[in-house]
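Here is the structure we will look at.
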Amino acid sequence: MRERYEELKARLATIHDLRRAQELLFWDQTVMMPPKGGPVRGAQLTTIDRIAHDLFVSDEIGRLLDDLAPYEESLDYDSDGTRRDWEKSRRVPSELASEMVGAAAEAHDVWAQARAESNFALFLPHLERAVELKRRYIDCFDGYDEPYDALLDDYEPGMKTAEVRAVFEELKRELVPLIKDVGSVEGDDAFMAGPWPTDAQHAFSLQVIERFGFDPRSFRLDVTVHPFAASSATQDIRLTTRYSPDDITSLFTAMHECGHGLYEHGVSPTLERTPLCHGVSSALHESQSRLWENLVGRSRPFWNHFYPSFQAAFPEALADVDQERWYRAINRVKPSYIRVDADEATYNLHIILRFELEQEIFGGSLDLRDLPELWNARFEEYLGIPVPNDTVGVLQDVHWSGGGFGYFPTYSLGNIISVQIWERAVADLPDLHDQFEAGEFQELHRWLRTNLYSLGRKFTPQETLERVVGGPIDARPYVRYLREKLTALAPA
Ligand code: ZN
Numbered sequence: 266m267r268e269r270y271e272e273l274k275a276r277l278a279t280i281h282d283l284r285r286a287q288e289l290l291f292w293d294q295t296v297m298m299p300p301k302g303g304p305v306r307g308a309q310l311t312t313i314d315r316i317a318h319d320l321f322v323s324d325e326i327g328r329l330l331d332d333l334a335p336y337e338e339s340l341d342y343d344s345d346g347t348r349r350d351w352e353k354s355r356r357v358p359s360e361l362a363s364e365m366v367g368a369a370a371e372a373h374d375v376w377a378q379a380r381a382e383s384n385f386a387l388f389l390p391h392l393e394r395a396v397e398l399k400r401r402y403i404d405c406f407d408g409y410d411e412p413y414d415a416l417l418d419d420y421e422p423g424m425k426t427a428e429v430r431a432v433f434e435e436l437k438r439e440l441v442p443l444i445k446d447v448g449s450v451e452g453d454d455a456f457m458a459g460p461w462p463t464d465a466q467h468a469f470s471l472q473v474i475e476r477f478g479f480d481p482r483s484f485r486l487d488v489t490v491h492p493f494a495a496s497s498a499t500q501d502i503r504l505t506t507r508y509s510p511d512d513i514t515s516l517f518t519a520m521h522e523c524g525h526g527l528y529e530h531g532v533s534p535t536l537e538r539t540p541l542c543h544g545v546s547s548a549l550h551e552s553q554s555r556l557w558e559n560l561v562g563r564s565r566p567f568w569n570h571f572y573p574s575f576q577a578a579f580p581e582a583l584a585d586v587d588q589e590r591w592y593r594a595i596n597r598v599k600p601s602y603i604r605v606d607a608d609e610a611t612y613n614l615h616i617i618l619r620f621e622l623e624q625e626i627f628g629g630s631l632d633l634r635d636l637p638e639l640w641n642a643r644f645e646e647y648l649g650i651p652v653p654n655d656t657v658g659v660l661q662d663v664h665w666s667g668g669g670f671g672y673f674p675t676y677s678l679g680n681i682i683s684v685q686i687w688e689r690a691v692a693d694l695p696d697l698h699d700q701f702e703a704g705e706f707q708e709l710h711r712w713l714r715t716n717l718y719s720l721g722r723k724f725t726p727q728e729t730l731e732r733v734v735g736g737p738i739d740a741r742p743y744v745r746y747l748r749e750k751l752t753a754l755a756p757a
């Protein structure tokens with residue numbers, strides 16, 4: 266048994282190395298690579314992907330998993346993640362898998378053009394193909410309650426559509442009226458246009474995230490077009506951000522990506538080079554980026570500490586802006602068209618809209634030609650503003666062109682979970698407020714590492730959440746948090 270186990274571990278380590286090399290090549294492509302390297306880099310990434318995939322779906326891995334089934338049963342935790350991954354990968358014919366990759370590559374540029382021109386008709390054939398391929402993908406699986414479950418499962422293993430629907434219904438019921446109440450609070454935020462010198466943005470971002478746990482011996486922070494976090498090992502974390510002199514979103518981006526990075530960095534070293542060396546799901550990952558960005562980075566105690574030095578670092582923009590005005594500006598709730606620019610509260614309505622439409626697409630009731638009209642009607646219903654064109658409406662996100670259906674809900678699930686985890690941390694560490702005011706965040710970091718990060722993918726996402734917060738996903742703490750924060754900001 267021991268030998269078979271070592272054999273499986275060695276094979277999985279090889280695959281893991283290839284996957285991490287792939288991630289690093291992607292990081293290099295978006296951060297470092299001179300532009301003409303693109304075509305060959307694409308081929309290199311495809312090669313590694315094919316080799317890693319073939320090694321993983323091999324019969325030998327299946328035999329090893331079978332041989333080790335009794336050992337798996339004897340463990341005190343649910344360790345079937347690798348088996349599930351293997352079974353899922355085996356069920357998708359490689360022709361279908363490569364057709365999906367090819368279709369996504371073709372659709373990307375058409376989508377970008379369609380978005381620029383607000384031309385949904387141009388994008389429609391590619392969207393139809395992406396949906397058709399995803400339907401075939403869904404057909405590869407059985408045992409799901411509804412088709413959308415198969416899509417969700419790729420990002421949030423074990424999560425059911427019905428569960429997400431129930432949680433989102435509650436969120437929508439609470440948020441739509443709350444946003445109508447507080448979303449009209451105006452303020453003079455003209456100073457937010459800067460100027461924000463970009464070298465000062467970089468210096469300040471680094472100063473903040475180093476307090477969070479960014480260690481230059483294990484982390485980097487670089488510039489890219491669409492920020493993300495990547496890693497090749499727990500001690501090699503690559504964060505990316507972007508700077509523009511007329512806005513200061515980079516600071517929140519740095520905190521957000523740092524949250525993702527701290528999660529990967531905190532996985533137990535004993536899991537290094539195994540398939541368990543990763544955050545457990547998209548929603549749990551997002552809960553950590555949101556926790557550091559919003560619950561810490563938009564809080565009063567955080568700014569009680571940082572505002573004086575922040576103001577000093579950006580005298581042109583902030584000389585006449587007191588801390589309260591700054592705090593209100595970064596927490597302002599105001600319905601807007603673009604999801605990625607949305608505030609903490611309205612963001613969720615952008616997600617719920619997409620989640621509902623995706624279900625209708627795969628539930629079979631929606632004709633894709635009607636999508637823009639449906640989008641616009643529902644957007645106005647939820648956010649109270651009419652959509653002027655498809656560029657800022659149905660065409661704004663890249664996800665659907667790449668067949669990424671099922672991903673959107675994990676963003677809001679992450680918001681919900683972030684507050685569940687936060688409440689636990691605050692209960693265990695009652696003086697967090699004072700620590701933040703003193704510029705200290707190590708205890709929160711340590712708590713999160715012990716209770717969540719170190720687990721990696723050892724447990725299922727549901728078991729992981731259960732261990733950290735003592736129960737399943739629950740929207741109520743998040744709703745309570747938003748209600749308290751936003752009503753305190755509204756005029757009496
Ligand atoms: Zn994120």
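For the sequence shown, the working numbering begins at 266 and goes up steadily by one. Every residue gets a Cβ at the ideal spot worked out from N, C-alpha and C, and that includes glycine.
Ranked by Cα distance from Phe724, the first of Val586, Ala381, Pro422 and Leu398 is Pro422. Here Thr505 carries a strand assignment [DSSP, helix/strand/coil]. In this chain, the alpha helix (DSSP H) harbouring Asp693 covers Phe673 to Asp693. For Ser554, the shortest C-beta to heavy atom distance toward ligand 1 is below 6 Å. In this structure, DSSP gives Arg563 a state outside helix and strand, which the three-state scheme calls coil. The straight-line gap separating the alpha-carbon atoms of Pro460 and Lys353 is approximately 50 Å.
By the criterion of a C-beta distance shorter than 6 Å, Val545 is surrounded in its chain by Arg722, Pro726 and Thr729, once the five residues flanking it on both sides are discounted. Taking a C-beta distance under 7 Å as the contact criterion, Pro412 and Phe706 do not qualify as a contact pair.
Between the C-alpha atoms of Gly478 and Arg555 there is a straight-line separation of about 16 Å.
Annotation for Glu551 indicates a beta carbon within 6 Å of some heavy atom of ligand 1. Just so you know, the alpha carbons of Ala379 and Trp640 end up roughly 16 Å apart.
The C-beta distance from Leu633 to Val473 rounds to 44 Å, too long to meet the 8 Å contact threshold. Between the C-alpha atoms of Ala286 and Thr514 there is a straight-line separation of about 30 Å. When the five nearest sequence neighbours on each side are left out, the beta carbons in the same chain lying within less than 8 Å of the beta carbon of Ala465 are those of Ala578 and Phe579, in order along the chain.
In this structure Pro540 does not touch Thr752 by the C-beta definition: roughly 45 Å separates them, more than the 8 Å allowed.
Of all alpha-carbon atoms in Pro600, Thr499, Ala703 and Val657, the one lying nearest the alpha-carbon of Leu720 is that of Thr499.
A residue is called buried once 16 or more other Cβ atoms fall within 10 Å of its Cβ, and Arg267, having fewer, is exposed. Boundaries for Phe579: no alpha helix (DSSP H) harbours it, and the DSSP string shows neither H nor E there. Rounded to whole angstroms, the gap between the alpha carbons of Gly448 and Val586 is 22 Å. For secondary structure counted as the alpha helix (DSSP H) over 4 or more consecutive residues, the segment 415-444 holds no complete run. By the Cβ test, the segment 557-568 is in contact with the segment 676-688, since at least three Cβ pairs between them sit closer than 8 Å. With three or more CB-CB distances shorter than 8 Å, the segment 424-439 counts as touching the segment 736-748.
Counting the other Cβ atoms within 10 Å of the Cβ of Arg328 gives fewer than 16, which makes it exposed. For Ser719, the secondary structure class from DSSP, reduced to helix, strand or coil, is helix. Considering only Asp699, Lys445, Pro358 and Leu660, the residue with the shortest C-alpha distance to His391 is Leu660.
For Val375, the enclosing alpha helix (DSSP H) has its first and last residue at Ser359 to Glu382.
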